[in-house]
Amino acid sequence: MTGWFPVSSCTPTCLDDVPGAARATRARRWADVSRALAGAGRGDAASAAGRALAALGIVVQVFPPAVPWPGEGPGPLVVANHVSWVDDVALLALFPRVRPVAKAEVATWPVVGGWARRSGTVFLDRGSLRGLPASVAEVTAILRAGGPVLLHPEGTTACGNELGRFRPAFFQAAVDAGAPVCPVALRYRLDDGRATAAAGYFGGDTLRRSMGRVVGARGLVLEVHQLPALEPGLDRKELAALAEYAVAQVTEARPLSPGARRRRGAHGMTGGRPRGQGRTRTPAPS
Numbered sequence: 001m002t003g004w005f006p007v008s009s010c011t012p013t014c015l016d017d018v019p020g021a022a023r024a025t026r027a028r029r030w031a032d033v034s035r036a037l038a039g040a041g042r043g044d045a046a047s048a049a050g051r052a053l054a055a056l057g058i059v060v061q062v063f064p065p066a067v068p069w070p071g072e073g074p075g076p077l078v079v080a081n082h083v084s085w086v087d088d089v090a091l092l093a094l095f096p097r098v099r100p101v102a103k104a105e106v107a108t109w110p111v112v113g114g115w116a117r118r119s120g121t122v123f124l125d126r127g128s129l130r131g132l133p134a135s136v137a138e139v140t141a142i143l144r145a146g147g148p149v150l151l152h153p154e155g156t157t158a159c160g161n162e163l164g165r166f167r168p169a170f171f172q173a174a175v176d177a178g179a180p181v182c183p184v185a186l187r188y189r190l191d192d193g194r195a196t197a198a199a200g201y202f203g204g205d206t207l208r209r210s211m212g213r214v215v216g217a218r219g220l221v222l223e224v225h226q227l228p229a230l231e232p233g234l235d236r237k238e239l240a241a242l243a244e245y246a247v248a249q250v251t252e253a254r255p256l257s258p259g260a261r262r263r264r265g266a267h268g269m270t271g272g273r274p275r276g277q278g279r280t281r282t283p284a285p286s
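1 is the number of the first residue of the sequence shown in full-length UniProt numbering; add one for each residue after it.
So this is what it looks like as structure tokens:
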């Protein structure tokens, strides 16, 4: 545990064997994704994210919510499980106005850091609790002004086989702003249907090593499940628990913490993965 951020218990031992891309493809991907995220070419951070996904050869399959998310009033607090640095790239490509919340160190990362700053990321000091109220207040102000915010409530990454507790602190921003909480479940798999941890960014890992695995993988698919919104009226702990439960039902991940409890059937939620066909976004050939 560092400050109020947990540390991922997942390590490279969680990795599985995945088909590899050709050497020429890997080299081209490195160059193209670096160019896209470093800001070369035209467009804002969202369009750069789209170009990066295409460069990586990742197919994004979107499953819309059964009931559309609210489109008026305060901006939504979009909360998603956290597997990889790819998560925010994909979600910003899908939701161009969203502002991610991330640890301050991300701003200094090679390739990704400059892109994160241009996307309007709210950076947090993970080493101190003192800045937490101000960060929550900043997110509250964005939501009140109608802007969407992207949060990973686990505070760390997990490989996809596990799910960390959704910490309630930033859900207070949704409570104070009267904003809906919109859960999103992320699942990485191969094009043959097998779940994979290839995109994971693990504890003790380096960004370059993680990027190298993604660049070198063939047939990566990211499922983005937009789940029903949680409307205002609940407290932050209730919102965190319900959002965590909703995401866990899709990812079918086990709790990262032995104390994690999920309420079945709470507020009309039912178990099982969503049915129906998703919308598939296929990148340019690689």
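Backbone N, C-alpha and C fix where the C-beta goes; we use that ideal spot for every residue, glycine too.
All values derive from a computational prediction rather than experimental measurement.
Please state whether DSSP places residue i in a helix, a strand or coil.
i	result
Glu238	helix
Leu56	helix
Glu244	helix
Ala224	Rather than Ala, the amino acid found at residue 224 in this sequence is Val. Note: Val224 maps to strand in three-state DSSP.
Val62	strand
Ala38	coil
Ala217	strand
Ala24	helix
Ala45	helix
Ala195	strand
Trp30	helix
Could you check the C-alpha separation between residue i and residue j for me, to the nearest Å?
i	j	result
Arg261	Gln172	The predicted model places Arg261 with a pLDDT of 41, which falls under 50 and marks its position as unreliable, so this point remains unresolved.
Val122	Arg99	7 Å
Arg263	Ala241	Note that Arg263 scores a pLDDT of 37, beneath 50, so its modelled location is shaky and nothing firm can be said.
residue 289	Gly200	Residue 289 falls outside the range modelled here, since the chain spans only 1 to 286, and no answer is possible.
Ala185	Trp85	15 Å
Arg23	Asn161	29 Å
residue 287	Pro183	The shown model of the chain, from 1 to 286, leaves out residue 287, and the question about it has no answer.
Gly50	Val215	15 Å
Ala246	Ala102	22 Å
Thr140	Ser128	20 Å
Arg236	Ala174	8 Å
Val221	Ile58	6 Å
Gly212	Asp191	19 Å
Asp87	Ala36	16 Å
Pro168	Gly71	24 Å
Val136	Arg187	28 Å
Ala239	Phe170	Correcting the residue type first, residue 239 is Leu in the shown sequence and not Ala. Roughly 10 Å separates the two Cα atoms.
Asp44	Ser34	15 Å
Please go through the same chain and pick out, in chain order, the residues whose beta-carbon is closer than 7 Å to the beta-carbon of residue i, but skip the five residues on each side of it.
i	result
Ala46	Leu92, Ala93, Pro96
Leu53	Val60, Val89, Ala90, Ala93, Pro283
Asp176	Thr140
Gly147	Gly75, Arg97, Arg99
Glu138	Val122
Which same chain residues, not among the five before or five after residue i, have their C-beta less than 8 Å away from its C-beta?
i	result
Gly39	Ala48, Gly114, Trp115, Arg118
Gly193	none
Val106	Val112, Gly113, Ala116, Thr121, Phe123
Trp69	Pro76, Pro180, Cys182, Gln226, Ala229
Using C-beta distances below 6 Å, list every residue in its chain close to residue i, excluding the 5 sequence neighbours before and after it, in chain order.
i	result
Asp125	Ala104, Gly131
His82	His152, Glu154, Thr157
residue 287	Any question about residue 287 goes unanswered here, given that the chain covers just 1 to 286.
Ser210	Tyr201
Leu207	Trp109
Pro19	Arg218, Gly219
Phe166	Pro153, Ala240, Ala243, Glu244
To the nearest whole angstrom, what separates the beta carbons of residue i and residue j, a pair I think is in contact under 8 Å?
i	j	result
Pro228	Val67	6 Å
Ala195	Arg189	5 Å
Pro74	Leu150	About 15 Å separates the two Cβ atoms, so there is no contact after all.
Gly178	Pro232	5 Å
Ala217	Ala21	7 Å
> Mind pulling the alpha helix (DSSP H) runs of 4 or more residues that sit fully within the UniProt domain "Phospholipid/glycerol acyltransferase" (76-189)?
Replying inline: Every unbroken stretch of the alpha helix (DSSP H) spanning 4 or more residues and falling wholly within the UniProt domain "Phospholipid/glycerol acyltransferase" (76-189) is given here in chain order: 86-94, 112-118, 132-144, 171-177.
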